[in-house]
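This note's numbering applies: residue 1402 is where the sequence shown begins, and numbers increase by one. Below: one structure, written as structure tokens.
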Amino acid sequence: MATDRGIVEDWLSEFKALSETQLSGYAGVLDQKNTLVPALYSVIQDPDSEMLEPVCHQLFELYRSSEDCLRRFTLQFLPELLWVYLRRDGHSSGCIEALLLGIYNLEIVDKDGNSKLLSFLIPSLSKPSIYHEHDLIRVIYSGLHPQRETFTAQNRFEVLCFLMLCYNSLVVYMPRSSHRAVCRMSSRLCVSGFPRQQLKAWTAPCMRVLLEPQFMVQMLAAVYHAIYNGEWDAGREALDDILYRAQLELYSEPLLLGNAMKSSLPGSAPDGSQGRKVLQVEVTPSIRRISRCTITAASIRRLRWKREDVDGLSREEESSGLNDADEGFSSGASSSSQPSGVRGRKNRPSARRTSSTSLDCRTGLGSAAEARRYSILSLQEQHLPEEVELLSPGKQSRSPSFNMQLISQV
């Protein structure tokens, strides 16, 4: 503890000696101080530490600077600061409350002191592409947050949710120590004062902490990133604790998001040899989500082209059919003009078939009248296809002699 105190004191005195021009390169100096971050965590976690107030003041000064690296250095301690504040140590939460309010008031205004209006583009996930569908993109506005001078029961989680939103927007830049801190904060806030706390390694008596569903959703977002960036065990434990608390409180939004996260997790931890893993998003879906029956502009054009092709083919077939019919009728007419002897030789096989059929019917039924009737039916069945084809609409014979020949055959 004495070593940590000395490291923190050196850091405080070092920063006071810096000029405005040296602040831009001071972020690289902080990254090289490997022992500074653990020492600051130990000071923040100790409620009786005398260094807590100057440390909070120093972190606020870093956040007020225009350097993004210095702002991120302060923001990495936000999870631990939130846990200490919500734990409600009255004699040590005053400086932490001032630091949290200071960060909030700086984030809601721009450089000119005007209120920020944040806008987010949220596409529709039900469509495979929104490149040509601009109406499917919704613009969500978040901003015009009022200035806060103190915490109350009504505005406490409004401010804390906004701070967690700022943290999640920069979570990719946070070190692993900050990821462990956010998992630890989530677990402790969700199980403090409940029977599940007895199963934890830390059994210090803590009061039950009131949580709101929106704040738990922000915790889930931070935990989800920590799971895929080296904190598999701690992240899974925090996820289970958040779901445990959401079930007790019957919060629908944390339950929905937490169960979706738990269902999407792999069976084992990601390979640590690959270094820090980022969240992977499926750019091209492997499963075809568009059915063949989907009506689009392209499908309508394709259907119209098919109809035009079919109409063209049907017209060609009709014209060719009419030509064939004309040729058939002309050939029939010419055949009717041939001598009767030739026609008689051609009709002899059908006459033999008719006579044999009538003979069979006569021997089977034994009645001449019935045999004659069956003989006539057989003749009609044999000549029916030819008659239908020849007398169909649009294919009527142009030769009267040919029509008389058909009537005489029937």
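Idealized CB from N, CA, C, for every residue including glycine.
With respect to the 9 Å criterion, Ala1639 and Cys1591 are classified as neighbours on the basis of their beta carbons. In its chain, beyond the 5 residues on either side, Ser1516, Leu1518 have a beta carbon closer than 7 Å to the beta carbon of Leu1545.
The segment 1582–1666 is shown to contain whole alpha helix (DSSP H) runs of 4 or more residues at 1614–1628, 1633–1650, 1653–1665, in chain order. The beta carbons of Ile1504 and Leu1564 sit closer together than 9 Å. By the C-beta density criterion, Ser1587 is buried, having at least 16 other C-beta atoms within 10 angstroms. Judged by beta-carbon spacing, Gly1659 lies beyond the 9 Å limit of Leu1649, meaning their Cβ atoms are not closer than that value. The continuous alpha helix (DSSP H) containing Ile1445 extends over residues 1437–1446. Excluding sequence positions up to five before and after Cys1562, its CB lies within less than 7 Å of the CB of Gln1615, Phe1616, Gln1619, all in the same chain and listed in chain order. Rounded to whole angstroms, the separation of the alpha carbons of Arg1488 and Leu1460 is 21 Å.
Taking a contact to require three or more Cβ pairs closer than 8 Å, the segment 1448–1468 and the segment 1546–1553 do not qualify as touching.
Pairing Gly1594 with Met1608 gives a Cβ-Cβ distance under 9 Å. Here Leu1482 is near Leu1500, since their CB atoms are less than 9 Å apart.
With respect to Leu1437, Val1409 sits close: the two C-beta atoms are nearer than 9 Å.
Per the coordinates, the alpha-carbon of Leu1502 lies some 20 Å from the alpha-carbon of Val1610.
Sequence-distant Cβ neighbours of Arg1646 in its own chain, meaning closer than 6 Å and more than five residues away, are Cys1591. Per DSSP, Leu1571 lies in no beta strand (DSSP E) segment and is marked neither H nor E.
In the structure shown, Arg1472 adopts helical secondary structure according to DSSP, grouped into three states. Here the C-alpha atom of Leu1413 lies approximately 33 Å from the C-alpha atom of Ala1622. If you check the CB distance, Pro1576 and Trp1633 do not come in under 9 Å. Cβ contact annotation for Met1662 (same chain, cutoff 7 Å, sequence separation greater than five): Leu1621, Tyr1625, Leu1640, in chain order. Secondary structure note for Gly1514: it is in no beta strand (DSSP E), with a DSSP letter that is neither H nor E.
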